[in-house]
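When the letters of the sequence shown are read in order and numbered with our numbering, they come out as residues 7 to 168.
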Amino acid sequence: MHWRITQHSTNLSEVIDLTGERVVSKVKPITLPLFYSIALLLTCGSVQASNFLCSATQESFDKPALLGEECPIGVSLWGKSKPIYAKSTFWIQCGFFPEELTLEQVNQIYPNVSSSIWNKAEKKGKRCLIGPYDDFAQASLEVTQLRTVSGFEKSFIREVEK
């Protein structure tokens, strides 16, 4: 079985299997020597959007991981749009920036969301994504919360057909 393990700056950790199901919502953070932390990160470099396995890399511990080019991000759902497809996975797009998110920006976002924060390289910059989510209602709640944070007022939901 494959696992994605993330540790947030709020001292909460989550363990999510690659079907997107949260297995453990809160566990005590484990302090590992730097060598083991890097080894763990290198073995856990993937995320699932829809039924598609995406690659992810992390250049440093002070930036979100970078999603691979092959990772689908779907279509934009603007305003109060409802999902288009019968079965979907959702991302929150938290912005499009010339550079990757800073640690300060990530720390502003995390109190408002329950999923991982990612960068995705594009030709003209870096797309900020949060997710993936299987529950549209949860993504809607969190995008509403995120819009109250300075610099993230234009966040919106993206839908990927399963």
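Every residue, glycine too, gets a C-beta built ideally from N, C-alpha and C.
Is residue i near residue j, with beta carbons less than 7 Å apart?
i, j, result
"K126", "L73", "yes"
"I98", "V149", "yes"
"Y139", "F96", "yes"
"E106", "K129", "no"
"C77", "C60", "yes"
"V155", "Q114", "yes"
"P104", "G131", "yes"
Suppose the cutoff is 8 Å on Cβ atoms and the five residues either side in sequence are ignored; what does the same chain contact list for residue i look like?
i, result
"K93", "E167, K168"
"T63", "G51, A71, L72, G74"
"F162", "S82, L83, W84, I98, Q99, V149"
"L135", "L73, I79, W97, I98, Q99, C100, I123, W124, N125, K126, R164"
Within 10 Å of its beta-carbon, does residue i have 16 or more other beta-carbons around it, so buried, or fewer, so exposed?
i, result
"E165", "buried"
"S66", "exposed"
"S4", "The question about residue 4 has no answer, for the chain in this structure spans 7 to 168."
"G157", "exposed"
Counting only the same chain and skipping the five closest in sequence on each side, list residues whose C-beta sits under 6 Å from that of residue i.
i, result
"R133", "F102, K126"
"E159", "R153"
"I79", "W97, R164"
"S111", "Sequence inspection shows Gln at residue 111; the Ser mentioned does not correspond to that position. The answer is none, since no qualifying residue turns up."
Shorter than 6 Å, the distance from the beta carbon of residue i to the closest heavy atom of the ligand NAP, or not?
i, result
"L147", "Questions concerning the ligand NAP fall outside what the structure shown contains, since it holds no ligand whatsoever."
Answer yes if the segment 113 to 122 comes into contact with the segment 133 to 152, meaning at least three C-beta pairs across the two stretches below 8 Å, and no otherwise. yes
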